[in-house]
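Before any comments, here is the structure.
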Amino acid sequence: MGSRSTALKDSILRIEEMEGILDEALEAADSLEKALERFNSIRSDIDKLEKYYTGKEWKEDLKLDEKGKLPSDLKRGVLSEDGISDLLDKVKELDEIRRNTR
């Protein structure tokens, strides 16, 4: 009876462990799915941001900022080369991951 009791306890512990893994994996998968849906829904906006950054308007806006013509309370992270460049690099990495997982 002792070995049966131990086997039952082992099964219970194993099931509890696997339930925890299942719950965590389901939560992670749901979060990833929602993030991908959100990312896909703003993809055209990201393309618009890239076009702005690589076009003349961004350079014009940057010059205005450098001359102190823009309001001091205007949020202007978009005028940071690193900010947009880092985002676009990250987008390319994510696109590569998505291509490799299909």
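First residue of the sequence shown: 3, per the working numbering; consecutive thereafter. Even for Gly, the Cβ is constructed at its ideal location relative to N, Cα and C. Remember, predicted model here, so these are calculated numbers, not experimental data.
By the CB criterion at 9 Å, Y55 and L90 fall inside the cutoff.
DSSP places R40 within a helical segment (H, G or I) once states are collapsed to three.
Using a 10 angstroms sphere on the CB of L66, the tally of other CB atoms stays under 16, which defines it as exposed. DSSP places R78 outside any alpha helix (DSSP H), giving it a letter other than H or E.
When C-alpha distances from L81 are compared across K92, E62, I14, the shortest belongs to E62.
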